[in-house]
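First the structure, in the form of structure tokens, and then the observations on it.
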Amino acid sequence: MPNQPDLDALQAAARHLPGFAGLARNQLSLLRTTGLAHDHVAIEGFGIGGRAVLLRVPRQSQFAFNAEDNLRYQAACFERVSLSGRGPKLYGVIPPCPAIPLGALAVERIEGRPPRLPEDLAALAEAMARVHSLPLPAASHCPPLADHRDPVTGALKEIEAQAAFLPQAGLAPESLAAVTEELTWARGYASEVAAARSDQPRSLVLTDTHPGNFLIDRRGEAVIVDLEKALYGAPGIDLAHATVYSSTTWDLDTSAELSVREVAGFYAHYLAVAADLSGTAWRDRLRPWLLPLRRLLFLRAITWCAKWRVQQARQKTALKERAGSTEDWSAENSDPALIAHVAGRVALYLRPETLARMRGEWLTPGALTALLE
Numbered sequence: 250m251p252n253q254p255d256l257d258a259l260q261a262a263a264r265h266l267p268g269f270a271g272l273a274r275n276q277l278s279l280l281r282t283t284g285l286a287h288d289h290v291a292i293e294g295f296g297i298g299g300r301a302v303l304l305r306v307p308r309q310s311q312f313a314f315n316a317e318d319n320l321r322y323q324a325a326c327f328e329r330v331s332l333s334g335r336g337p338k339l340y341g342v343i344p345p346c347p348a349i350p351l352g353a354l355a356v357e358r359i360e361g362r363p364p365r366l367p368e369d370l371a372a373l374a375e376a377m378a379r380v381h382s383l384p385l386p387a388a389s390h391c392p393p394l395a396d397h398r399d400p401v402t403g404a405l406k407e408i409e410a411q412a413a414f415l416p417q418a419g420l421a422p423e424s425l426a427a428v429t430e431e432l433t434w435a436r437g438y439a440s441e442v443a444a445a446r447s448d449q450p451r452s453l454v455l456t457d458t459h460p461g462n463f464l465i466d467r468r469g470e471a472v473i474v475d476l477e478k479a480l481y482g483a484p485g486i487d488l489a490h491a492t493v494y495s496s497t498t499w500d501l502d503t504s505a506e507l508s509v510r511e512v513a514g515f516y517a518h519y520l521a522v523a524a525d526l527s528g529t530a531w532r533d534r535l536r537p538w539l540l541p542l543r544r545l546l547f548l549r550a551i552t553w554c555a556k557w558r559v560q561q562a563r564q565k566t567a568l569k570e571r572a573g574s575t576e577d578w579s580a581e582n583s584d585p586a587l588i589a590h591v592a593g594r595v596a597l598y599l600r601p602e603t604l605a606r607m608r609g610e611w612l613t614p615g616a617l618t619a620l621l622e
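Numbering (my numbering), first residue to last: 250 to 622.
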């Protein structure tokens, strides 16, 4: 069984944060864990400036940072995305220690419900458009967040690292052939973009935008509540990750199989909002990149499945507060029921028929290609 957050240690450490001196141990309670990277601890009967608070306790770094760098990165994600009005505020940072190996963040607790698809697709599009409309800082002000000056090359670098696990992942020959064809396309596309020195649209992006990472608040607005992987890169990656089959069916609370027409409607709404917020020139710059970036996101998602299938069988990393990298997909880190769910999703997404379904969005002319090509 995975280690649970030490609530006694969290309470003692949190009391050193500004505004938290009166925090009592009986106000902390562990929430149901739904993801592989962190836990949430609720703080009942407590608030900052009239806003509810929770503690976000990492279990690993998906970017392979050490404990301190991981916490610094995640804190910056919350600080910057919250400026859009569509992300929780950051209230404090609890540093790593033996009892809290990866530390914790005190953040605003968003009250809301999971998105219902396809009804809430417009709300998701608007939230992402607002994040993407934030001013792009000078390069010297981007750190600690990653800055993909060439977003296509940045995406391909991650894909290639994950694709190294394909030979060990037990894919059916038809599946491996399909992924290999897409990898060949991606490498050629990235080379063409680099040779052309194309001016790629860049903004603050969320990176991990599957619908389960959002909540719909009482105003009907979508708020992104999982921010640990924000960076400066391609907005199209966010749009793709929010609507591909492997994202919309990932989380049981938000599961839906979207039609190509519904996905096209999502993109059309996003482009309309983006034009309102950032101008028609920005919208027109975005459009030709959206379908290729959807193909790259498909590869990122599928190669991650291969990586997870291999790495989940490994032993978990011990003494994470001292580790050079805290990336850790070991099944020992998570509840067995959650691991079983993820394993089932991964098996589904790696099937030949699932890959054919997902690739059909760009290989077969339809509503999406008509809008974006």
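Each residue gets a CB set at the ideal place from its N, CA and C atoms; glycine is no exception.
Going by DSSP, residue 390 is part of no alpha helix (DSSP H) at all; its letter is neither H nor E. Residue range 585-598 is occupied by the alpha helix (DSSP H) that includes residue 585. Taking 8 angstroms as the upper bound for CB-CB distance, residue 451 and residue 482 are in contact here, some 6 angstroms apart. In this structure, residue 576 places its C-beta atom within 8 angstroms of the C-beta atom of residue 310. Of 591, 282, 365, 389, the smallest CA-CA separation from residue 466 is found for 365. In chain order, 450, 523, 524 place their CB closer than 8 angstroms to the CB of residue 531, counting only its own chain and leaving out the 5 sequence neighbours on each side.
CA-CA distance, residue 582 to residue 448, rounds to 41 angstroms. Below 8 angstroms, too few C-beta pairs join the segment 386-394 and the segment 554-562 to call them touching: fewer than three. Residue 287 places its beta carbon 8 angstroms or farther from that of residue 300.
Counting only residues of its own chain and dropping the five nearest sequence neighbours on each side, residue 276 has a CB closer than 7 angstroms to the CB of 292, 293, 294, 295.
With a threshold of 16 other beta carbon atoms within 10 Å, residue 333 meets it and is buried. Uninterrupted beta strand (DSSP E) stretches at least 3 residues long and entirely within the segment 343-369 occur at 353-357, given in chain order.
Cβ neighbours of residue 407 within its own chain (closer than 8 angstroms, five residues either side excluded): 549.
If you draw a straight line from the Cα of residue 542 to the Cα of residue 290, it comes to about 35 angstroms. By the criterion of at least three beta-carbon pairs nearer than 8 angstroms, the segment 568-575 is not in contact with the segment 430-439. Relative to residue 420, the option among 324, 580, 510, 556 whose CA is nearest is 556. In the three-state scheme derived from DSSP, where H, G and I count as helix and E and B as strand, residue 532 is classed as helix.
Less than 8 angstroms divides the Cβ of residue 439 from the Cβ of residue 401.
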